[in-house]
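Have a look at the structure below before the remarks.
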Amino acid sequence: MAGCNRPALAEDAVPCMFPPMDVTILWFKRDLRIHDNPALALAAAGEGAVLPLYIVEPGLWAQPDASARQWRFVAECLEGLSGALARLGAPLLVEMGEAVEVLAALCARHGARRIVSHEETGNGWTYARDRAVAAWAGANGIDWVELPQGGVVRRLASRDGWARTRDAFVRAPVAAPPEGLRGLPGLAACALPSALDLGLGFDPCPGRQRGGRDAAQERLDSFLTLRGRDYRRAMSSPLSGAAACSRLSPHLAFGTLSSREVEQATARRRAEVGTGGGDGWPGSLKSFSARLAWRDHFMQKLESEPALEQRCLHRAYEGLRPRTPDAGRLAAWQAGETGLPFVDACMRALVHTGWLNFRMRSMLVAVASYHFWLDWRATGAHLARQFTDYEPGIHWSQCQMQSGTTGMNTIRIYNPLKQGHDQDPTGEFTRRWVPELAEVPDACLQEPWRWSGAGRLLGRGYPAPIVDVAKAAKAAREAVWAVRGRAGFAEEAARVVAKHASRRDRAGRFVNDRAPRRRAAKSPPAQLSLDL
Ligand SMILES: Cc1cc2nc3c(=O)[nH]c(=O)nc-3n(C[C@H](O)[C@H](O)[C@H](O)COP(=O)(O)OP(=O)(O)OC[C@H]3O[C@@H](n4cnc5c(N)ncnc54)[C@H](O)[C@@H]3O)c2cc1C
Numbered sequence: 001m002a003g004c005n006r007p008a009l010a011e012d013a014v015p016c017m018f019p020p021m022d023v024t025i026l027w028f029k030r031d032l033r034i035h036d037n038p039a040l041a042l043a044a045a046g047e048g049a050v051l052p053l054y055i056v057e058p059g060l061w062a063q064p065d066a067s068a069r070q071w072r073f074v075a076e077c078l079e080g081l082s083g084a085l086a087r088l089g090a091p092l093l094v095e096m097g098e099a100v101e102v103l104a105a106l107c108a109r110h111g112a113r114r115i116v117s118h119e120e121t122g123n124g125w126t127y128a129r130d131r132a133v134a135a136w137a138g139a140n141g142i143d144w145v146e147l148p149q150g151g152v153v154r155r156l157a158s159r160d161g162w163a164r165t166r167d168a169f170v171r172a173p174v175a176a177p178p179e180g181l182r183g184l185p186g187l188a189a190c191a192l193p194s195a196l197d198l199g200l201g202f203d204p205c206p207g208r209q210r211g212g213r214d215a216a217q218e219r220l221d222s223f224l225t226l227r228g229r230d231y232r233r234a235m236s237s238p239l240s241g242a243a244a245c246s247r248l249s250p251h252l253a254f255g256t257l258s259s260r261e262v263e264q265a266t267a268r269r270r271a272e273v274g275t276g277g278g279d280g281w282p283g284s285l286k287s288f289s290a291r292l293a294w295r296d297h298f299m300q301k302l303e304s305e306p307a308l309e310q311r312c313l314h315r316a317y318e319g320l321r322p323r324t325p326d327a328g329r330l331a332a333w334q335a336g337e338t339g340l341p342f343v344d345a346c347m348r349a350l351v352h353t354g355w356l357n358f359r360m361r362s363m364l365v366a367v368a369s370y371h372f373w374l375d376w377r378a379t380g381a382h383l384a385r386q387f388t389d390y391e392p393g394i395h396w397s398q399c400q401m402q403s404g405t406t407g408m409n410t411i412r413i414y415n416p417l418k419q420g421h422d423q424d425p426t427g428e429f430t431r432r433w434v435p436e437l438a439e440v441p442d443a444c445l446q447e448p449w450r451w452s453g454a455g456r457l458l459g460r461g462y463p464a465p466i467v468d469v470a471k472a473a474k475a476a477r478e479a480v481w482a483v484r485g486r487a488g489f490a491e492e493a494a495r496v497v498a499k500h501a502s503r504r505d506r507a508g509r510f511v512n513d514r515a516p517r518r519r520a521a522k523s524p525p526a527q528l529s530l531d532l
């Protein structure tokens, strides 16, 4: 058992006889880097000592969206962070326990009166934990300063102008790492627990990306100089997308790179490649920048409405699908045994690697939600565990969007057979992940039930499809549209749009989560904007 299987701040730590000094606890969460880390910059700016801290929270890792692959990635990031902080003069202290207990004990022990961290847009559990920490800090005269580390705005009053604020943040200068930190002597860091110690289940994920700043930097550099040229053209196929997409998502999710660093490196590269050339770079880099903005846009939704992790954004969709999902269908979908080859290939690839491109994530959710009629909360938790890059704000917003429960997005019922033909035209991806189909000729690969030899395959080596794709899609479409016809639907949709939608410009163009391009109004429409 690892050294962390002990209460926080066990008495086997070196007894502390520190002279009184101003101590700031620098609490790392999803910002596991020393570069462009506003919380670190603030902590380092003072005269006093800095105590860098990571809390391994058993409660967090016991949540249904947590998995061993995520923890292993985090542990690799922590090793790198720990080395970087040690070189600055203040080694990372890793404690295991609940946040309030750990922070309270450290404050008492070191006389710390200030905690600095980033503003986390996390799941419901971290939201509740942060409220508990804030309440404890307030009651005990501890100053807890939280700083944004990306374009998400806390306590946002209105989406109008949000993109401008977000863009200003990502264009502001990055914070350089400090030259040194004044650490505290005599701290015994506890060893990192294993996934098993945290009670996380069997989850080998042999194709998982590695954590740490070096790996992040390599992904960024190779994307911007080599791999990203065909990004726009190649991102939608799971085969080409694996190399042509940046693969920065787990690094952005756990903060080995800041989104501002990525934005600014991309802007520099865009300036370098210019607009011409016809070689793919300008268009690809433009698409990539847009996706970085989407990241903040989707995370902002959870920040502004934390309940969207548990509740349909548009209330009328609550109850549309059974809350207790059909166990057989759910299990088949999770295992990649639905009898729909491309769906199964995508799920198996995800389980093996911890990553999938955007189009295929969307398809997996859409097929589960529409064709299999499963509630997004059940399928979303499974996907969250499979994603090494699990980012609650993006994840739950996207799960709802791809399930048609937001009331403000076009209902998109992906046809998994067509997706297979379009995104895997040679069948290479499907055959790699569903070897049971080896004998099936190319023409029938995505619909093996049409093959003359289907009788000796289906229900034996590979399942028969668990639904009739066309019939299931039709039933789903009718059920969803019936909800749209209900009284009060439009009013609730308007609420969702006002709170969460990206804005259009004056010409009615959808500006993709950027600030509305408005000309200055000739006369202020004061009489129309009474803010009551
Ligand atoms: C149902 C569903 C769940 C998802 N869950 C997550 C999640 O938990 N964590 C996560 O990082 N992404 C999630 N995504 C978004 C997207 O699929 C991934 O960000 C992307 O596939 C990661 O690979 P990449 O870093 O190579 O992306 P790239 O295409 O190289 O994009 C660069 C970065 O932009 C952001 N980004 C890209 N696409 C989107 C998008 N559609 N919405 C918001 N941000 C985007 C991500 O931070 C990504 O790392 C989800 C999408 C869907 C449909």
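For the sequence shown, UniProt numbering gives the first residue as 1, with consecutive numbering after it. A virtual CB, placed ideally from N, CA and C, is assigned to each residue, including glycine. Note that this is a predicted model, so its numbers are computed, not measured.
Query - methionine 21 classed as buried or exposed, judged by whether at least 16 other C-beta atoms fall within 10 angstroms - result: exposed
Query raised in the report: With DSSP run on the structure shown, which of helix, strand or coil describes phenylalanine 429?
Result: helix
Query - Sequence ranges, alpha helix (DSSP H) only - wholly within the stretch 453–495, length at least 4 - result: 469–484
Report task. Could you check the C-alpha separation between proline 58 and alanine 49 for me, to the nearest Å? Result -> 28 Å
Query - Integer-rounded CB distance, given that aspartate 424 should sit under 8 Å from serine 236 - result: Rounded, the Cβ-Cβ distance is 11 Å, inconsistent with contact.
**Report entry** Three or more C-beta pairs below 8 Å linking the stretch 204–216 and the stretch 343–355
**Finding:** yes
Report task. Could you tell me if the beta carbon of glutamate 309 falls within a distance shorter than 6 Å of some heavy atom in ligand 1? Result -> no
Query raised in the report: Does the beta-carbon distance from alanine 44 to leucine 147 come in below 7 Å?
Result: no
Query raised in the report: What is the DSSP secondary structure of leucine 181, counted as helix, strand or coil?
Result: coil
Query raised in the report: Is aspartate 389 near ligand 1, judged by its Cβ being under 6 Å from some heavy atom?
Result: yes
Report task. Can you tell me which of the three DSSP states valine 50 falls into? Result -> strand
Query raised in the report: Using the C-alpha atoms, what's the distance from glycine 241 back to alanine 234?
Result: 5 Å
Query raised in the report: Nearest-angstrom Cα distance between tryptophan 449 and alanine 479?
Result: 27 Å
Query raised in the report: Within the chosen definition, does the stretch 141–161 reach the stretch 111–129 through at least 3 CB pairs nearer than 8 Å?
Result: yes
Query - Same chain, Cβ closer than 7 Å to histidine 382, five either side skipped, listed in chain order - result: Gln334
Query raised in the report: Are there three or more Cβ pairs, one per stretch, closer than 8 Å when the stretch 27–39 is compared with the stretch 243–261?
Result: yes
Query raised in the report: How would you call proline 185, buried or exposed, if buried means at least 16 neighbouring beta carbons within 10 angstroms?
Result: exposed
**Report entry** C-alpha distance - glutamine 70 paired with glutamate 391, whole-angstrom precision
**Finding:** 11 Å
Query raised in the report: tryptophan 373 lies in the alpha helix (DSSP H); which residues open and close that run?
Result: Element bounds for tryptophan 373: n/a, residue is neither H nor E.
Query raised in the report: To the nearest whole angstrom, what separates the beta carbons of tyrosine 462 and leucine 437, a pair I think is in contact under 8 Å?
Result: 6 Å
**Report entry** Endpoints, beta strand (DSSP E) assigned at phenylalanine 387
**Finding:** Taken as a continuous stretch (DSSP letters only), phenylalanine 387 belongs to no beta strand (DSSP E), as it is neither H nor E.
Query raised in the report: Any idea if threonine 379 is buried or exposed, counting beta-carbon neighbours within 10 angstroms, 16 or more meaning buried?
Result: buried
Requested in this report: Take glycine 150 as the anchor and find which of Gly201, Ser369, Asn37 has the nearest alpha-carbon.
Outcome: Asn37
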